[in-house]
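Remarks on the structure that follows.
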Amino acid sequence: MMDELISRSPSDAGLLAMRAHVNEERLDLSAADADWQRYAKLGVDPGEGFLGLADFYHRQVRPLDEVQALSVVAQAPDLPGDRLKPVAERRSWLAFQRQFSGIAANALPSEVARRQYEAWLKRNPKEPKPYMEYFDFLLASEDFPGAEALLVRYQDAFPKETTFPVRARASIAGRRGTPEEALLIYDQAYRPLWPPELIRDYFALLQQQHGLRAFLDHARSALARNPDDFYGPRVRSTITSSPRTSRRPDGF
Numbered sequence: 003m004m005d006e007l008i009s010r011s012p013s014d015a016g017l018l019a020m021r022a023h024v025n026e027e028r029l030d031l032s033a034a035d036a037d038w039q040r041y042a043k044l045g046v047d048p049g050e051g052f053l054g055l056a057d058f059y060h061r062q063v064r065p066l067d068e069v070q071a072l073s074v075v076a077q078a079p080d081l082p083g084d085r086l087k088p089v090a091e092r093r094s095w096l097a098f099q100r101q102f103s104g105i106a107a108n109a110l111p112s113e114v115a116r117r118q119y120e121a122w123l124k125r126n127p128k129e130p131k132p133y134m135e136y137f138d139f140l141l142a143s144e145d146f147p148g149a150e151a152l153l154v155r156y157q158d159a160f161p162k163e164t165t166f167p168v169r170a171r172a173s174i175a176g177r178r179g180t181p182e183e184a185l186l187i188y189d190q191a192y193r194p195l196w197p198p199e200l201i202r203d204y205f206a207l208l209q210q211q212h213g214l215r216a217f218l219d220h221a222r223s224a225l226a227r228n229p230d231d232f233y234g235p236r237v238r239s240t241i242t243s244s245p246r247t248s249r250r251p252d253g254f
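For what it's worth, the working numbering labels the leading residue of the sequence shown as 3, then goes sequentially.
Have a look at this one:
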């Protein structure tokens, strides 16, 4: 009956999806695959069609095919309603995120991840998160030249942003060299009005390397000599309100 209906209306995507589900239930997976592929290509919105195909591959535990179908979804034009949403809630962004989750969960080859990260950057060149997540991937893969090259691209895209570049350079130094080298990056880049999260990273590394006492002693001495020029209010607040400074007179 359904075959007859589809033969009369071969471009009816809804009928194809219904038959595809029936074929899945019958475990006729080859027929289901063919129907889902036809369904993906019939719809006016390719994103919706290939999302159905990706869902089928997910149910069949075919992660590489799922990633490839999602790549079409990720590159499809935004839905009209998506344009009013934050970028991280749009269909294309969510498709990329789903790809990376599937790549990691199934340990797919790194080349697959690299292609999708590059596609994510191309789709969202003015969003910092794709750069940051790609950087973390390259760092975890110990591709230090690739991480450094990506950092240059980030700085070209966001020339006024300084927090991530400092963190990134310190991360590369710490992974490729020693924690002391990472600490040197923070020391050389230090600015009095660093944002609080960067100060926390710096202090955490100082504490790991047992250098926090010396830093605080130096900071207090410098603050006493010249309270207006050496440290800004954020750093002064961090030093004087450190939870460890109230335990003992020496600050530790």
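For every residue, glycine included, the Cβ atom is placed at its ideal position computed from N, Cα and C. The structure presented is a predicted model; accordingly, all values stated were derived computationally and were not measured.
- Residue range 165-178 is occupied by the alpha helix (DSSP H) that includes R171.
- In terms of CA proximity to A33, L18 leads the group G45, L18, R64, V74.
- When the five nearest sequence neighbours on each side are left out, the beta carbons in the same chain lying within less than 6 Å of the beta carbon of Q118 are those of Q101, in order along the chain.
- With a beta-carbon spacing of about 7 Å, S73 and A121 fall inside the 8 Å limit used to define contacts.
- The Cβ atoms of R93 and V75 sit closer than 8 Å to each other.
- Annotation: the continuous alpha helix (DSSP H) that includes L208 extends over 198-210.
- Our two residues, D57 and K87, have alpha carbons roughly 23 Å apart in a direct line.
- Between the region 161-180 and the region 188-207 there are three or more C-beta pairs closer than 8 Å, enough to call the two in contact.
- For E120, the enclosing alpha helix (DSSP H) covers residues 112-125.
- When DSSP states are grouped into helix, strand and coil, N25 belongs to the helix group.
- Distances from the alpha-carbon of K131 to those of W95, E50, D145 put W95 closest.
- Shown here for D84: same chain residues with a beta carbon closer than 7 Å to its own, the five before and five after excluded, namely R92, R93 in chain order.
- One thing to note: L185 has its Cβ within 8 Å of the Cβ of L208.
- For L195, the secondary structure class from DSSP, reduced to helix, strand or coil, is coil.
- Rounded to whole angstroms, the separation of the alpha carbons of E144 and A36 is 40 Å.
- Of Y133, V89, V63, the smallest CA-CA separation from P167 is found for Y133.
- Selection F98, A22, D14, V63 evaluated against G45 yields D14 as nearest (Cα-Cα).
- A straight line joining the alpha-carbon of F52 with that of Q39 spans about 8 Å.
- The C-alpha of R21 lies about 10 Å from the C-alpha of R28.
- Taking 8 Å as the cut-off, the beta carbon of R178 is found no closer than this to the beta carbon of F137.
- Cβ neighbours of G49 within its own chain (closer than 7 Å, five residues either side excluded): V75, A78, R93.
- DSSP places V46 outside both helix and strand once states are collapsed to three, so it counts as coil.
- Every alpha helix (DSSP H) stretch that sits fully inside the region 31-81 and reaches 4 residues is listed by chain position as 31-44, 48-61, 65-77.
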